[in-house]
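Chemist: Chains as they are written, first to last, in my numbering: chain D, 1 to 339; chain H, 340 to 678. Backbone N, C-alpha and C fix where the C-beta goes; we use that ideal spot for every residue, glycine too. Computed from a prediction, not measured in an experiment: that's the story for all the values here. My questions all concern the structure below.
Number of protein chains: 2
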Amino acid sequence: MKNLRLTDIASELNLSVTTVSKALKNYPDVSNKTKKRVKEYAQKMNFKPNSFAAYLRTQESKIIGVVIPRLNHFFFSDIIKGIIKAAEKESYMVIVLSSEESYELECKQVNRLIQHNVDGILLSIADSTHDVSHLSQLIEQKIPLVMFDKYSKLTTCSTVVINDQDAAFRAVEHLIKKGRRNIAHFRGPLLPQNSIDRFLGFRRALDEYGLKYRKEWVFTCDEISSEEGYRYTEEILKSHPEIDAIFAVADMPAVGAIKCLNTHNIPIPERIAVMGFSNWKISELITPSLSTIDQPGSLMGQKAFEIFYEELQNKKKNIPIKHQQITLNTDLIERESTN
Amino acid sequence: MKNLRLTDIASELNLSVTTVSKALKNYPDVSNKTKKRVKEYAQKMNFKPNSFAAYLRTQESKIIGVVIPRLNHFFFSDIIKGIIKAAEKESYMVIVLSSEESYELECKQVNRLIQHNVDGILLSIADSTHDVSHLSQLIEQKIPLVMFDKYSKLTTCSTVVINDQDAAFRAVEHLIKKGRRNIAHFRGPLLPQNSIDRFLGFRRALDEYGLKYRKEWVFTCDEISSEEGYRYTEEILKSHPEIDAIFAVADMPAVGAIKCLNTHNIPIPERIAVMGFSNWKISELITPSLSTIDQPGSLMGQKAFEIFYEELQNKKKNIPIKHQQITLNTDLIERESTN
C-alpha cells in the first residue's frame with residue numbers, strides 16, 4: 001500500500017493542502033466541520049504523516065539516544081524512567097543502548113545514534129573509556145550531549161551528577177556519630193570516578209574525626225554485588241572482629257552484608273552497623289531495613305532530558321549554548337541498620 | 340556542514356561508488372589497501388551514512404518499538420534488557436514507551452511508533468485496554484507485532500507468555516505438600532489476565548487437594564505493592580489466626596508479608612509460610628529468603644525480538660507469516676520462607 005500524501009487528501013476533498021494540514025493538527029482557524037471531514041477521511045484511508053517527511057522539513061527526528069553502561073542495574077532503570085517521562089512531555093522518543101562498560105561499544109553506540117539522526121545524546125560513561133574523541137565529535141557537530149552520573153572532565157558538555165564524595169562523607173560521619181570507631185569500607189572498582197569519590201569521602205570523614213585509616217579494612221567490590229558483600233562480611237567476622245561498622249559503595253554489597261550477619265545471628269546494628277548507598281527499593285524491605293544515601297535517579301534522568309531540550313531550543317534560535325553543571329542533592333536515610 | 344555522500348568520496352578517490360560502499364562495509368572482494376584509503380578519507384571527512392537514505396533504499400528503519408504498561412517495574416526492566424540484547428545482535432535499536440496501563444496512551448504510543456516507521460512493535464497490553472483495533476491495524480499494515488506477558492486473545496499475532504495458571508497451581512501445591520491447609524491468597528487486580536490466571540491456579544490447587552475455598556482469605560492487591568502485603572498480613576494476624584500460608588501474586592506483596600511477620604516476631608515458615616511469584620533479585624536477599632516462581636523476563640524479551648525478526652525476514656521474502664504462540668517454562672524456587 002502506497003502512503004497517502006497530504007496532497008491526495010486535499011485534492012480528494014477539494015481543500016487546500018494548508019487547510020488539510022491545519023485540520024489534522026487541530027488549528028483553531030479551521031472550522032469543526034472541515035476538521036471532522038478531513039479527520040474521518042484520513043482515518044478511513046489510514047493516513048500516516050510520515051516521520052521522514054517531517055524530518056526533511058524540520059531537521060528534527062524527535063528521537064534522543066541514551067547510552068548507559070549497564071542494562072541490569074536498578075539505578076539506571078530509574079534514570080531511564082525519568083528520561084522517558086520527561087521526553088514524553090515534549091513528544092520525544094527514547095532509544096536506549098548499553099555500552100556494557102566497554103569503550104569500544106560506547107564509541108559504536110554513539111556512532112549508531114548519530115547515523116540515526118537523533119537530536120541529542122544522554123550518556124553515562126563506561127568505566128573503561130579513556131579517550132573521549134567520540135564525544136567531542138558530538139560537540140563539533142553541534143549535537144547536544146548531556147552526561148549524567150558518570151562523566152568525563154575532558155568533555156565540554158552539560159552534566160547532571162551528585163556529589164559522591166560529600167554524600168559518602170556524610171554516610172561515614174553518621175556512623176561515627178553513632179559511636180562507631182572501626183569502620184570498614186566496601187569500595188567499588190578502582191577506576192570509576194564515583195567509586196573513587198566515595199572512597200575519598202570515607203577517608204576524609206576518618207581524617208576529620210581523627211580515626212586512623214587502615215587499608216586492610218577496605219575491600220574492593222569489582223561487581224558491586226550482594227555476593228561480594230556477603231563474602232567480605234564473612235572475612236570480617238573471621239579476621240577482623242574489631243570492626244563495628246561497614247560503609248558500602250552501594251546497597252547491593254550492604255544487603256549482602258546484612259544477609260551474612262543475619263545468617264550468623266550477629267545483631268545489627270548492636271554488634272555491626274551497616275550503611276549502604278543509593279536507596280534502592282530493597283533497602284527499606286529487608287530486615288533490618290538499611291540506612292543509606294538516597295540518590296535521585298529518576299530526577300537525574302529528568303534533568304538530563306530537560307537540559308538537552310533547552311540546548312536544542314537555543315541551538316534552533318542560534319543562541320550560544322551555555323553548558324550547565326548540575327549537582328543534585330542526596331539525602332541520608334536513617335533506618336534500622338544503624339539505629 | 341552538508342553531509343558527504345558516497346558519490347563525493349568515490350569521485351575524490353577516483354573509485355566507483357560500489358567499491359566505496361563495499362570498502363566501508365568491509366567486503367572481502369575489495370583490497371585492504373583500498374579499504375584503508377576509503378576508511379581513512381571517510382573518517383577524515385566525518386562521513387556518516389545517513390539512516391534516512393538507508394531507509395529510502397531498504398524501507399527498513401532498523402528500529403523497533405516496545406510498549407510496556409509500566410516503567411517502574413522490575414519484571415519489565417528485565418524484559419527490556421532481553422529485547423535490547425537480542426536487538427543489538429541484529430543491529431536493531433529499541434525505542435521504549437510506556438502506556439502507564441492506559442488504553443488511550445497505548446493507542447497513542449502505537450501510532451507514534453508507526454509514524455516513526457519502526458519495523459515492528461513488541462507490546463505488553465495495558466490493564467485497561469478493551470478494544471484492540473489499534474493493534475489490528477498493525478496486522479493489516481503488515482507491521483510485525485509480538486505481544487509478551489500480557490496479551491489479548493482478540494489480536495491475531497505471535498505471543499510469548501508463561502502459563503500463569505499452571506505456575507500458580509504448582510506454587511500452591513508446594514505449600515499444600517509442606518502440610519499447609521489454610522492458605523491465603525494475595526491476588527492482583529481484577530482485570531488483567533495473568534492476575535486472573537494466578538487466582539484460578541490457586542483455586543484449582545485447593546480443589547484438587549480437597550481444600551475448601553474461602554473468599555475471605557483472598558485479598559486484592561491493586562498496586563501489587565509491598566505496602567499492601569504488609570497491611571493484609573497484619574489483618575491476617577488480627578482476624579484470621581488460622582491461616583498458615585500466604586501465596587502472593589508477585590514478590591512485592593510477599594516481601595511485605597515477610598517484613599510484617601518479622602516485625603511481629605512471627606516465625607517463618609513455622610507459623611506462616613510465604614510464597615511469592617516472579618523471582619526478583621530481592622527474593623533471595625531478604626531474611627528469610629523467599630520461595631517463589633522464577634519468571635524468565637530477559638528470555639521473554641529475547642524471544643519476542645527473535646520472533647519479530649523472523650517475521651520480518653519472512654515478510655521480505657514474501658513468505659506467509661505463521662504466528663507463533665510461545666509458552667516459556669517457569670521454575671519453582673524453594674527457599675527458606677516455605678522450608
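#1: Taking D/P288 as the reference, which of H/F644, H/L600, H/T666 has the closest Cα?
#2: On the DSSP bridge list, what partners appear for H/R526?
#3: Ends of the beta strand (DSSP E) at H/F487?
#4: Apart from the five residues just before and just after H/S491, which ones in its own chain have a Cβ nearer than 8 Å to its Cβ?
#5: When burial is assigned at 16 or more other CB atoms within 10 Å of the CB, is H/T572 buried or exposed?
#6: Answer yes or no: does any C-beta atom of chain D fall closer than 9 Å to that of H/I621?
#7: To the nearest whole angstrom, what separates the beta carbons of H/D466 and H/L530, a pair I think is in contact under 8 Å?
#8: Should the region 652-659 of chain H be called in touch with the region 314-326 of chain D, which here means at least 3 C-beta pairs below 8 Å?
#9: Buried or exposed: where does D/K144 fall if 16 or more other Cβ atoms within 10 Å of its Cβ makes it buried?
#10: Is DSSP giving H/G518 helix, strand or coil here?
#11: Quick check for students: name the residue ranges of the beta strand (DSSP E) that lie wholly in the region 436-476 of chain H, counting only runs of 3 or more.
#12: Per DSSP, what kind of secondary structure is H/E491 in: helix, strand or coil?
#13: Hey, out of H/D561, H/L452, H/A596, whose CA is closest to H/L477's CA?
#14: Measuring alpha carbon to alpha carbon, tell me which residue in H/H455, H/E623, H/P367, H/A523 is nearest H/L576.
#15: Check the Cβ-Cβ distances between D/R112 and every residue of chain H, and say whether any is below 9 Å.
#16: Given a limit of 9 Å on CB to CB distance, which residues of the region 429-441 of chain H reach chain D?
#17: Under DSSP, the beta strand (DSSP E) around H/Q664 begins and ends at which residues?
#18: Spell out the partners DSSP gives D/I246 in its beta bridges.
#19: So, under 8 Å CB-CB, D/D164 and D/R198 are touching, yes? Tell me the CB distance rounded to an integer number of Å.
#20: Between the alpha carbons of D/H73 and H/E512, how many angstroms are there, rounded?
#21: Give a yes or no on whether 9 Å exceeds the smallest Cβ distance from D/V255 to chain H.
#22: Out of H/R409, H/L667, H/K654, H/S416, state which residue places its alpha-carbon closest to the alpha-carbon of H/Q480.
#23: Considering only residues of the same chain and omitting the five flanking positions on each side of H/A510, which have a CB-CB separation below 6 Å?
#24: List the residues of chain D that H/Q476 touches, going by C-beta distances under 8 Å, in chain order.
#25: Leaving out five residues before and five after H/V457 in sequence, what residues of the same chain have Cβ atoms less than 8 Å from its Cβ?
#26: Alpha carbon to alpha carbon, what distance is there between D/K33 and D/R5?
#27: Measure from the C-beta of H/S676 to each C-beta in chain D and report whether the shortest distance is under 9 Å.
#28: Go through its chain and collect everything with a Cβ distance to D/E101's Cβ below 7 Å, but skip five positions before and after it.
#29: State the Cα-Cα distance for the pair H/S355 and H/F386, rounded to the nearest angstrom.
#30: List, in chain order, every chain D residue whose beta-carbon is nearer than 7 Å to that of H/S565.
#31: Quick check on D/N279 - is its C-beta less than 9 Å from some C-beta in chain H?
#32: Output, in chain order, the set of chain D residues within a Cβ distance shorter than 8 Å of H/N601.
#33: For chain H, check one thing: does any of its Cβ atoms lie closer than 9 Å to the Cβ of D/S124?
#34: Any beta carbon of chain H sitting closer than 9 Å to that of D/S77?
#35: Of all the CB atoms in chain H, is at least one closer than 9 Å to the CB of D/F305?
#36: Below 7 Å CB to CB, which residues in the same chain sit around D/F308 once its five sequence neighbours on both sides are set aside?
Modeler: Here's the rundown:
#1: H/L600
#2: H/T559
#3: 484-487
#4: I464, T468, V471, L474
#5: buried
#6: yes
#7: 5 Å
#8: no
#9: Checking the sequence shown, residue 144 of chain D turns out to be Pro, not Lys. The residue in question, D/P144, is buried, as its Cβ has 16 or more Cβ neighbours within 10 Å.
#10: coil
#11: 459-462
#12: Note on identity: in this sequence residue 491 of chain H is Ser, with Glu being the wrong assignment. Coil.
#13: H/L452
#14: H/A523
#15: yes
#16: S430, M432, V433, I434, V435, L436, S437
#17: 664-667
#18: D/A184, D/V274
#19: 5 Å
#20: 34 Å
#21: yes
#22: H/K654
#23: F586, M614, I632
#24: N46
#25: S400, I402, I403, G404, I434, I482
#26: 21 Å
#27: no
#28: P69, R70, A126, D127, S128
#29: 17 Å
#30: L285
#31: no
#32: T287
#33: no
#34: yes
#35: no
#36: I64, G120, L122, P144, V146
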